[in-house]
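Below is one structure; the comments refer to it alone.
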């Protein structure tokens with residue numbers, strides 16, 4: 001199974017259900033996306049990758065973002081477009097936020113996310129050649145057809161130990177969580193747990209509660225309250 005297959009299967013089971021609930025403990029932001037809204041963002045982003053950025057099966061997308069709902073969108077859009085996700089800086093295509101913009105200095109193409117509430121665009125000018133994701137993506141289509149659809153064995157994720165294929169990632173996700181699981185991920189810049197949780201939650205027809213904080217220990221009571229409010233089943 002490819003990740004595109006996994007996402008398509010998930011949308012056949014109550015697409016109006018929550019897919020991602022996001023909290024930022026620094027700004028106080030909370031946003032919730034249904035699976036329908038999430039897949040719409042994925043389609044628009046995949047179209048941007050394919051049509052504006054020339055993404056194909058040989059493209060690696062360096063996702064240099066924090067724990068955030070838009071990070072989930074970029075993971076899924078990259079995979080359905082047939083490209084490969086990397087969590088480290090490279091030289092082809094980098095997706096950054098203000099904190100990682102300088103890490104993408106050697107990339108051919110750079111897409112920047114402001115991470116402002118509700119997907120807001122930047123309010124100050126970006127360096128020349130850097131695309132403002134939230135200014136560009138709304139113009140792209142709500143439906144996506146890949147020019148280079150991924151196969152089961154297509155590369156999906158570059159890790160320290162090598163490259164994992166779509167099938168390896170979906171197999172790893174299968175059966176991780178109970179059906180309908182509500183999974184909480186807490187963190188800041190470590191995206192490894194988020195990669196696995198995104199796919200395992202889709203496999204379980206579940207949902208994610210993402211909490212961005214650089215210091216989880218300092219927010220134990222708040223995290224416990226969020227877990228109770230959001231009816232988290234896996235933390």
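In the working numbering, the protein residues as written are 1 to 235. All C-beta atoms in this analysis are idealised placements derived from N, C-alpha and C, irrespective of residue type, glycine included.
Check: For residue 33, which beta-bridge partners are listed by DSSP?; Outcome: 20
Check: Between which two residues does the beta strand (DSSP E) carrying residue 164 extend?; Outcome: 162-165
Check: Does the stretch 116-130 come close enough to the stretch 184-203 to have 3 or more Cβ pairs within less than 8 Å?; Outcome: no
Check: Which whole-angstrom value is the C-beta distance of residue 82 and residue 148, which I expect to be below 8 Å?; Outcome: 4 Å
Check: At 3 residues or longer, and completely inside the stretch 38-69: list those beta strand (DSSP E) runs for me, N to C.; Outcome: 60-64
Check: Where does residue 169 land, buried or exposed, given buried means 16+ other C-beta within 10 angstroms?; Outcome: buried
Check: Pop quiz: residue 207 and residue 17 are said to be a contact at Cβ under 8 Å. What is the actual Cβ separation, rounded to whole angstroms?; Outcome: 7 Å
Check: Assuming the contact rule is C-beta atoms closer than 8 Å, residue 101 and residue 70 should be a hit. Round their C-beta distance to whole Å, please.; Outcome: The Cβ separation is near 15 Å, so there is no contact.
Check: Check this for me: beta carbons of residue 244 and residue 24, under 8 Å apart or not?; Outcome: The structure shown does not extend to residue 244, since the chain is modelled only from 1 through 235, so no value can be given for it.
Check: What first and last residue would you give for the alpha helix (DSSP H) that runs through residue 221?; Outcome: 220-229
Check: Could you spell out where the beta strand (DSSP E) holding residue 155 opens and where it closes?; Outcome: 155-159
Check: Going along the chain, which residues of its own chain have a beta-carbon closer than 6 Å to the beta-carbon of residue 113, five neighbours each way excluded?; Outcome: 70, 97, 133
Check: In angstroms, rounded to a whole number, what distance separates the CA positions of residue 181 and residue 19?; Outcome: 11 Å
Check: According to DSSP, is residue 113 part of a helix, a strand, or is it coil?; Outcome: coil
Check: Should the stretch 35-45 be regarded as contacting the stretch 181-190, the criterion being three or more beta carbon pairs within less than 8 Å?; Outcome: no
Check: Spatial neighbours of residue 235 within its chain, please: CB distance less than 6 Å, with the 5 preceding and 5 following residues excluded, ordered by chain position.; Outcome: 184, 227
Check: Among 120, 130, 118, which has the Cα closest to the Cα of residue 108?; Outcome: 130
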